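Asks: One structure, pasted below without further comment.
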Amino acid sequence: MPMSLTSKRKIRDSQQGPSKWRNPPAQEVYSSKLLDALRAGSAAPSTREVRDAAYRALAVTARGRSRWSRAILARRRRALQRARILPRAPPPSVTVSSTSTSSGSGSGPGQSLASKARALGRLVPGCRRLSLPALLAEVSDYIAALEMQVRTMNQLTQDVVVS
Numbered sequence: 635m636p637m638s639l640t641s642k643r644k645i646r647d648s649q650q651g652p653s654k655w656r657n658p659p660a661q662e663v664y665s666s667k668l669l670d671a672l673r674a675g676s677a678a679p680s681t682r683e684v685r686d687a688a689y690r691a692l693a694v695t696a697r698g699r700s701r702w703s704r705a706i707l708a709r710r711r712r713a714l715q716r717a718r719i720l721p722r723a724p725p726p727s728v729t730v731s732s733t734s735t736s737s738g739s740g741s742g743p744g745q746s747l748a749s750k751a752r753a754l755g756r757l758v759p760g761c762r763r764l765s766l767p768a769l770l771a772e773v774s775d776y777i778a779a780l781e782m783q784v785r786t787m788n789q790l791t792q793d794v795v796v797s
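Heads up, the sequence shown is in this note's numbering, so the first residue is 635 and it goes up one at a time.
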């Protein structure tokens with residue numbers, strides 16, 4: 635029986651694994667996309683602009699193969715659409731909840747694992763409602779991508795300091 639296109643893609647992506655972020659060509663592609671994004675911005679970009687450019691370049695380098703990269707790209711699209719439609723409103727005020735939650739609530743170790751998985755899902759873009767195996771796969775890919783991002787940014791800062 636022939637394999638479907640999505641099955642072949644899943645097998646190919648799972649075989650590549652997180653090592654795709656550790657090879658030099660991926661780092662070169664990311665660094666060129668990051669430099670292009672930084673050059674396209676203002677002359678003296680703010681910290682937020684640099685961070686956003688770095689995340690967008692990382693997501694573009696991932697080519698939308700992971701949930702986190704699609705979430706980062708979609709967030710940017712939604713923000714641009716919102717900026718075109720609505721005038722800018724003042725940011726909402728931050729309120730602190732007076733009720734505290736205890737991490738020990740619930741019954742047994744399964745509840746603790748579920749709460750940790752929910753917390754982990756909130757840290758990775760686009761991974762709030764994933765099963766644990768899918769969440770762990772996304773997290774490992776995201777961590778490898780962030781490690782490559784750190785290596786690239788360190789190299790860029792060293793190149794700027796030297797020149």
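C-beta: ideal position from N, C-alpha, C; glycine also.
For clarity, every value in this text was computed on a predicted model and none was experimentally measured.
Classify S727 as buried or exposed, calling it buried when 16 or more other Cβ atoms lie within 10 Å of its own Cβ.
Replies: Numbered from 1 along the sequence shown, position 93 holds the residue referred to as residue 727. Under this definition S727 is an exposed residue.
Asks: Could you say which of V684, P724, Q661, E772 lies nearest to R698 if we only look at CA atoms?
Replies: Looking up residue 698 in the sequence shown gives position 64. The sequence shown places Gly at residue 698, not Arg. Per the Cα distances, E772.
Asks: Contact defined as beta carbons within less than 8 angstroms: I believe L692 pairs with Q783. What is the distance between those atoms, to the nearest angstrom?
Replies: Taking the first residue of the sequence shown as 1, we reach residue 692 at position 58. Taking the first residue of the sequence shown as 1, we reach residue 783 at position 149. So it is a contact: roughly 6 angstroms between Cβ atoms.
Asks: How would you write the range of the alpha helix (DSSP H) that A771 sits in, first residue to last?
Replies: Position 137 of the sequence shown, counted from the start, is the residue given in the question as residue 771. Here the alpha helix (DSSP H) through A771 covers 766-796.
Asks: What does the alpha-carbon distance come out to for the pair L714 and P725?
Replies: Translated into positions along the sequence shown, residue 714 becomes position 80. Translated into positions along the sequence shown, residue 725 becomes position 91. About 17 angstroms.
Asks: Taking a contact to mean a Cβ-Cβ separation below 8 angstroms, would you say G760 touches L769 in this structure?
Replies: Translated into the one-based positions of the sequence shown, residue 760 becomes position 126. Translated into the one-based positions of the sequence shown, residue 769 becomes position 135. Result no, Cβ atoms of G760 and L769 do not sit closer than 8 angstroms.
Asks: Between S676 and I777, what straight-line distance do the alpha-carbon atoms span, to the nearest angstrom?
Replies: Taking the first residue of the sequence shown as 1, we reach residue 676 at position 42. Taking the first residue of the sequence shown as 1, we reach residue 777 at position 143. Distance between the alpha carbons of S676 and I777 is about 29 angstroms.
Asks: Between V694 and K654, is the Cβ-Cβ spacing less than 8 angstroms?
Replies: As a first step, residue 694 must be located in the sequence shown, where it is residue number 60. As a first step, residue 654 must be located in the sequence shown, where it is residue number 20. For V694 and K654, no; Cβs fall outside 8 angstroms.
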